Every structure is written in structure tokens, then in C-alpha cells.
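Residue numbers (full-length UniProt numbering): 1 to 194. From the three backbone atoms N, C-alpha and C, an ideal C-beta is built for every residue, glycine too. Just so we're clear, the structure is a prediction, and the values are computed from it rather than from any experiment.
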């Protein structure tokens, strides 16, 4: 095995894995293993190219593609149908969708670590259709990439922190993460500055 460290990453050139029969097989491929903690997304960063799901697992929505050439408001919640998310967070964006769009937002997107069927049902219950796109992050891939996850065992484990951001052409222009990850203050619709 040949390896060396370059700016907090170990790059492995050759390594062995076991095949289906339990025999070692030499792989000659580069693999990178991060040895440092990932950093939370910040203003000036590009949104990652990760697929989320709208309405069903068959309807993928790539976040980088969705944000390209647009001004997008994205807000995330710890869980669909939870009290704070259902009584305050989502309804605030649904209610203010017209004002936010007339002020320049092209899309308003809600993301949660839930399956697409749950997100769709939750959006319908709050009349979000045509106002707020309800996108599911079922494996928390997007949440992990942003480093905005929170371990919330009562809600099933890894969930998204509560936050909002404004993106212009896929670049984060503003980011508002709730100080405790779940509160309802800086990430609300009436705090969005376009």
C-alpha cells in the first residue's frame, strides 16, 4: 500500500479488498479519505450537486441544477409534521410566498430528512403547491454535505438543523442557522432579506 498525506487527506493508490469468495483482490484506484472535520457551508460557497426527491422516489431534483441562474430561498426543518415546523416554519413561507417571489425569489424550497411521500403529504396539508417546493432528503446526503445535520433521537436520529438561506445562481448569499439548531427565530420567512 502506498499512501501519503496532502493537506489533511490521505490518498491511497493501491489497496486490497475481499471478493465474494473471500479472496484478496488488488485494486489500483485512487481513493481519498478525509482525516479532518468537514466544514459547514457558508456564504460564498456553491450549493452541492446532490439529488433530492419531490413527490416520489422517481422524481429527482438536483439542487445545483435547480439553483442555476435563479434566486432561490431554501429553508430546512428537522421533520415534517413536527409541531414547530407545522405550526410556524412552513406556514410562514407558504403565507409569504407571494411577497417573497414578487421581491425577486424564483423558487422557495423546503428540505427535510424525510421520504418524498411524507414531504408531499405535508405540503398538501399546508397548501404549499405552487408556493413552496417540498423536497425530501431521505438519506440525509444533502444535509451531511452542508454539515447542517443534528442528532435528534426522538425524531429518528440524524435530521437537519433548522436554517434558511438565499442562493443566487447556486451561491449562498445569506445563511441563517438557528443557534440551537431547532429554534424558531432567524430562519423564519419574515427574516429573509432579498
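Just the Cα atoms here: how many angstroms apart are residue 65 and residue 167? 12 Å
Contact check, residue 103 vs residue 194, beta carbons under 8 Å: yes
I need the boundaries of the beta strand (DSSP E) containing residue 172, first residue and last residue. Element bounds for residue 172: 171-177.
Simplified DSSP assignment, three categories, for residue 39: coil
Just to confirm, are residue 40 and residue 107 a CB contact at a threshold of 8 Å? no
Kindly indicate the opening and closing residues of the alpha helix (DSSP H) around residue 168. Taken as a continuous stretch (DSSP letters only), residue 168 belongs to no alpha helix (DSSP H), being part of the beta strand (DSSP E) at 163-168.
So, do the segment 46-63 and the segment 79-99 have three or more beta carbon pairs nearer to each other than 8 Å? Taking one beta carbon from each stretch, the segment 46-63 and the segment 79-99 have fewer than 3 pairs nearer than 8 Å; the two do not touch.
Assuming contact is defined by CB atoms lying nearer than 8 Å, are residue 105 and residue 71 in contact in what I supplied? Yes.
Separation of residue 46 from residue 141, as counted between CA atoms: 16 Å
Residue 43 burial status per 10 Å Cβ neighbour count (16 or more: buried): Per the 10 Å Cβ criterion, exposed.
Which one of 69, 176, 68, 138 has the shortest CA to CA distance from residue 80? Ranking the options by Cα distance to residue 80, first place goes to 138.
Kindly indicate which three-state DSSP category residue 67 falls into: helix, strand or coil? helix
Starting from the Cα of residue 51, find the closest Cα among 176, 177, 135 and give me that residue. 135
Could you tell me if residue 170 is buried or exposed, where buried requires 16 or more neighbouring beta carbons within 10 angstroms of its beta carbon? buried
Unbroken stretches of the beta strand (DSSP E), 3 residues or longer, contained in the segment 39-122: 51-53, 60-62, 71-77, 107-112
Do you know offhand how far residue 48's Cα is from residue 187's? Rounded to whole angstroms, residue 48 to residue 187 spans 20 Å at the Cα level.
CA-to-CA distance, residue 77 to residue 84, given in whole angstroms: 9 Å
Mapping DSSP to helix, strand and coil, what is residue 151? strand
Per DSSP, residue 160 is paired with what? 149
Could you compute how far the alpha carbon of residue 117 sits from the alpha carbon of residue 160? 18 Å
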